[in-house]
Amino acid sequence: MIGKKEISETLALSCIESYFLAWLNRNYDVIKLYSDSFISLRQAFDDFSRGATYQNYCFLPRIQDVAEEYGIVTHNYIKCNAKDAKKIIKEQSEKDLYLIRVNTSFFTDYKRASWREDHYVCVDKNLAWINQYPLSEGVFTEERFNEVYDGAVCIYKLRDLSIVPPDNITEQYTAQKFTEEELPGTLSALESVIGVLRVSRKRIAKYYSSKKTVKELLDKETACMDRMYFDIHLRKLKELKKEEIDLAEAYKEFYAGSKYIVETEKKIAEVLKNG
Numbered sequence: 076m077i078g079k080k081e082i083s084e085t086l087a088l089s090c091i092e093s094y095f096l097a098w099l100n101r102n103y104d105v106i107k108l109y110s111d112s113f114i115s116l117r118q119a120f121d122d123f124s125r126g127a128t129y130q131n132y133c134f135l136p137r138i139q140d141v142a143e144e145y146g147i148v149t150h151n152y153i154k155c156n157a158k159d160a161k162k163i164i165k166e167q168s169e170k171d172l173y174l175i176r177v178n179t180s181f182f183t184d185y186k187r188a189s190w191r192e193d194h195y196v197c198v199d200k201n202l203a204w205i206n207q208y209p210l211s212e213g214v215f216t217e218e219r220f221n222e223v224y225d226g227a228v229c230i231y232k233l234r235d236l237s238i239v240p241p242d243n244i245t246e247q248y249t250a251q252k253f254t255e256e257e258l259p260g261t262l263s264a265l266e267s268v269i270g271v272l273r274v275s276r277k278r279i280a281k282y283y284s285s286k287k288t289v290k291e292l293l294d295k296e297t298a299c300m301d302r303m304y305f306d307i308h309l310r311k312l313k314e315l316k317k318e319e320i321d322l323a324e325a326y327k328e329f330y331a332g333s334k335y336i337v338e339t340e341k342k343i344a345e346v347l348k349n350g
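In the numbering used here, each residue carries its 1-based index in the sequence shown increased by 75.
As structure tokens, this is what we get:
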């Protein structure tokens with residue numbers, strides 16, 4: 076079964092995507108699938124200004140969906156009761172990825188809950204489990220499995236590992252229209268858009284690892300996004316605690332960061348245009 080380190084190193088937007096990347100990377104270079112991980116700055120900022128949410132954002136394709144569309148993997152989603160689920164799980168092949176949907180009872184011993192209503196954990200044939208958020212592992216007893224199981228098993232299988240997706244990034248990157256982006260009006264929305272963009276650009280940096288100048292620019296851009304993301308998160312925590320924060324001053328800093336991101340994207344697009 077996949078391990079904590081493998082999960083922690085994934086560039087994912089959801090628990091399923093994280094398990095999937097950790098699993099597939101054992102047999103296939105997942106960086107090849109990052110060719111579908113581009114989203115323009117304009118679309119991302121517009122979407123989150125209009126109410127998009129991080130946990131349900133669909134305009135950055137999930138890697139498991141990309142892999143299945145290209146025929147690299149297949150998946151089967153089975154709705155069944157706990158008894159049938161255990162039978163299915165215990166018959167699994169070690170090459171496959173088995174996930175179960177869990178209910179809120181799974182989080183009883185945690186101080187935090189999942190981001191989404193539908194949360195999954197990875198399980199092996201012995202009912203050993205690993206959870207992406209919060210990162211943890213253990214073994215289900217039969218009784219505990221029955222308590223937390225929420226009616227669905229999701230199975231991924233390898234299909235054709237020889238397939239290499241085409242480069243779908245370069246043309247989209249160079250076609251971007253750059254303007255000073257309007258930032259979402261809430262810290263939560265701003266945190267979400269930067270969170271999505273940093274995953275996208277970190278994937279693209281890995282995809283372009285052989286293009287030195289592009290990689291260096293992307294590394295600088297994602298470092299800026301990291302700083303913004305954690306700064307926004309800290310201010311959001313203060314806001315939740317009812318502590319006083321200067322939002323006007325904060326947004327002045329965030330606009331400076333977004334301006335740097337736009338200027339860096341322009342440079343990247345220019346380098347890609349010139350080959």
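For glycine and all other residues, C-beta sits at the position ideal for the given N, C-alpha and C.
None of the values given here were measured: they were computed from a predicted structure.
Cα separation between residue i and residue j?
| i | j | result |
| --- | --- | --- |
| Ile77 | Tyr109 | 21 Å |
| Cys133 | Asp122 | 10 Å |
| Leu135 | Val274 | 10 Å |
| Lys158 | Tyr248 | 49 Å |
| Lys348 | Lys161 | 53 Å |
| Glu318 | Asp306 | 15 Å |
| Lys334 | Thr85 | 28 Å |
| Gly270 | Leu322 | 19 Å |
| Pro32 | Ser93 | Since the first and last residues shown for the chain are 76 and 350, residue 32 lies out of range. |
| Gly126 | Lys286 | 36 Å |
| Ile163 | Ile175 | 11 Å |
| Gly332 | Lys107 | 29 Å |
| Tyr330 | Lys316 | 24 Å |
Spatial neighbours of residue i within its chain, please: CB distance less than 8 Å, with the 5 preceding and 5 following residues excluded, ordered by chain position.
| i | result |
| --- | --- |
| Gln167 | Tyr173, Asp199, Lys200, Ile230 |
| Gly213 | Ala203, Trp204 |
| Ile343 | Tyr248, Val289, Leu292, Leu293, Glu296 |
| His308 | Glu266 |
| Ile238 | Tyr145, Gly146, Ile147 |
| Gly260 | Ser124 |
Thinking C-beta only, is residue j closer than 7 Å to residue i?
| i | j | result |
| --- | --- | --- |
| Val268 | Phe113 | no |
| Cys90 | Tyr195 | yes |
| Phe215 | Leu202 | yes |
| Thr339 | Leu292 | yes |
| Gly226 | Lys281 | no |
| Glu328 | Ile320 | no |
| Gln251 | Ser115 | yes |
For residue i, which option in the options has the closest C-alpha, if you only look at C-alpha atoms?
| i | options | result |
| --- | --- | --- |
| Asp111 | Gln118, Ala127, Ala142, Leu99 | Ala142 |
| Ala325 | Thr245, Arg273, Met303 | Met303 |
| Ile244 | Phe220, Val289, Ser83, Ser263 | Val289 |
| Leu272 | Ile82, Asn102, Arg101, Arg117 | Arg117 |
| Val346 | His308, Tyr283, Arg125, Asp321 | Tyr283 |
| Tyr185 | Asp301, Lys79, Ser211 | Ser211 |
| Ala87 | Cys197, Lys277, Arg310, Glu217 | Lys277 |
| Ile336 | Ala298, Glu222, Lys311, Lys316 | Ala298 |
| Arg310 | Ala264, Lys341, Tyr103 | Ala264 |
Between residue i and the rest of its own chain, which residues show a CB-CB distance below 7 Å, the 5 nearest in sequence each way excluded?
| i | result |
| --- | --- |
| Phe95 | Ile138, Gln139, Leu172, Tyr231 |
| Phe220 | Ala157, Lys161, Leu202 |
| Glu169 | none |
| Ile279 | Tyr109, Ser112, Phe113, Ile244, Leu293 |
| Ala97 | Ile77, Glu81, Ile82, Thr85 |
Leaving out five residues on either side along the sequence, give the residues of the same chain with a beta carbon under 6 Å from the beta carbon of residue i.
| i | result |
| --- | --- |
| Leu99 | Val105 |
| Tyr152 | Cys229 |
Original post:
Between the segment 144 to 155 and the segment 233 to 243, do three or more beta carbon pairs fall short of 8 Å?
Top reply: yes
Original post:
If you pair each beta-carbon of the segment 203 to 211 with each one of the segment 255 to 267, do three or more pairs fall below 8 Å?
Top reply: no
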